[in-house]
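Notes follow the structure.
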Amino acid sequence: MSRSRKPDWLKMRPPSGERFTDIKQTLRDRNLNTVCEEANCPNLGECWSGRDGPGTATFMLMGDRCSRGCNFCDVETGGMDSLDSDEPQQVADAVAEIGLDYVVLTSVDRDDLPDQGAGHFAETIRAIKERDPSILVECLIPDFQGEPELVRKIIDADPDVIAHNIETVDRLQWPVRDRRAGYEQSLSVLRQVNRESDCYSKTSLMLGVGEYAHEVYQTLTDLRQAGVDVVTFGQYLQPSRSHLEVSEYVHPDAFDTWQRVAEEEFDFLYCASGPMVRSSYRAGELFVESVMREGRTVDEARAEVRADN
Ligand code: SF4
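Each step along the sequence shown adds one to the number in this note's numbering, with nothing skipped, and position 192 is 187.
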C-alpha cells in the first residue's frame, strides 16, 4: 500500500511544555539517548509531559547506532561507538533528576560486542536500583542471539519487568526484522525469562505489516505457552520511504478486539492495544505499578488503568 494519507486516529499532538524541555536538557547534559527521540515516537510529548504522574521515558543504552537493520525501524545501522562506561551511572542520575518512578530501559543490538552488551545493560539496572530500590525498572532487551547466559545477566540484575518484542507473526519475521532475529529465538528468550525469574514478562506486536488474523491468534497461543504476562499491539508506521511499507492502517475497533481476545480468551494479565500504543507507552506501566505498588488485583488494576484512559 503506497504512503496514503494517515487516518485521523493516527494524529498526535507535537511535544511541548516546560517538563518536555527540562527532560530534553537533562538528557543532553548527560549525553543520553532515548528511543522516544531516536524512533521519532509519536507519544513523546505525552510521555515526557507526564499527564498523570511523573512521566516516563525510555532510555536507549549503548549508543544510537545498531548492529542490525530491521526494515521497520528508524534507528541507524552500523558504525557503532565503543560503550560509554559512565552511562549506567548517568542514567541512574538522570532518573533521579527527572524524578521518574517507573523507568524503561532498552538498547540497540550490539552483536559486535563479546557479551552483546548484556553486562552493560545489567549494570544500568543495578545503578538505578542502588540509587532508589523503589523505582520500577522495565527492560526491553535484545534477543542476545538467544544465548541463555547473556539473558541470565539481565535476569540476575532483578528488574521488575523484562520485555522482548517478537514484533510480528512467524511468517513475516523476514522481511520485517533483521535476518539475525527470529520467531523461535525470541520465544526462547521469553520462555527463559518466565522459567528463571519471577518478574513480569512482556512483548509487543506491530499490526499493519501484512499479518492475517489467524496468524496473530497463533502468535498469542505461542506467547501464552511461553508464559508471557503482558502483550501490546500497536500500528506500524513507516519511518521513511526506504522502510517497509504499511500494509494496512488497522481500525481502532480491531485493536479493541485483540485486547479482549488477549485478556478474555488467552488470559494475559494485561493487554494494551491501540493504534498509538508502543511497547513502552502507557502500555502496561500503569498496570504493573497498580499491581506492584498498590497491591491491586489483576482485575482491579485493569479497571483502574482503563478508567484513566
Ligand atoms: S534490532 Fe532492529 S528494531 Fe532493534 S534497534 Fe536494531 S534495527 Fe531497530
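The C-beta atom is built at its ideal place from N, Cα and C for all residues, glycine as well.
Evaluate residue i with the Cβ neighbour count: other Cβ atoms within 10 Å of its Cβ, from every protein chain shown; 16 or more gives buried, anything less gives exposed.
i     : result
P154  : buried
M(-4) : At M(-4), the pLDDT of 49 sits below 50, so the modelled position is not reliable and the matter cannot be decided from this model.
S181  : buried
S199  : buried
Y307  : Residue 307 lies beyond the stretch modelled for the chain, which goes from -4 to 304, so this question has no answer here.
Q254  : buried
S237  : exposed
R0    : exposed
R63   : buried
E82   : buried
R172  : buried
D3    : exposed
G290  : exposed
T53   : buried
G94   : exposed
Please name the residue or residues paired with residue i in a DSSP beta bridge.
i    : result
G74  : DSSP output for G74 lists no bridge partner at all.
L135 : T101, A158
N28  : M55
How far does the beta strand (DSSP E) with residue i in it extend, from its first residue to its last?
i    : result
E125 : Looking at the DSSP string, E125 is not in any beta strand (DSSP E); the run it does join, the alpha helix (DSSP H), is 113 to 126.
K197 : 195 to 202
G228 : At residue 228 the sequence reads Phe, which differs from the Gly that was named. Here the beta strand (DSSP E) through F228 covers 225 to 230.
DSSP three-state label for residue i, please.
i     : result
T53   : strand
R63   : coil
T292  : coil
I150  : helix
Y178  : helix
M(-4) : For M(-4), the pLDDT reaches just 49, beneath the cut-off of 50, and the residue's location in the model is therefore unreliable, although a value from the coordinates is still provided. Coil at M(-4), not helix or strand.
C68   : coil
T163  : coil
G141  : helix
I18   : helix
S237  : coil
K6    : coil
C42   : helix
R273  : coil
L108  : coil
V286  : helix
E243  : coil
S183  : helix
Identify which residue in the options has its Cα closest to the Cα of residue i.
i    : options                : result
F250 : L135, M75, G269, Q168  : G269
L185 : E206, G222, V171, A152 : G222
N66  : T216, G290, P170       : P170
E240 : D110, V204, L95        : V204
V272 : V245, T292, Q220       : V245
F116 : L131, S80, P143        : S80
T163 : R126, R190, H209, D104 : H209
P137 : G94, L56, F228         : L56
T101 : S77, V132, D69, E179   : V132
R25  : E92, A158, V70, C194   : E92
Provide the residue span of the alpha helix (DSSP H) that contains residue i, from first to last.
i    : result
A267 : Where A267 is concerned, there is no enclosing alpha helix (DSSP H), although the beta strand (DSSP E) it sits in stretches over 265 to 268.
F250 : 247 to 255
R219 : 208 to 220
Q84  : 82 to 93
Q168 : 168 to 171
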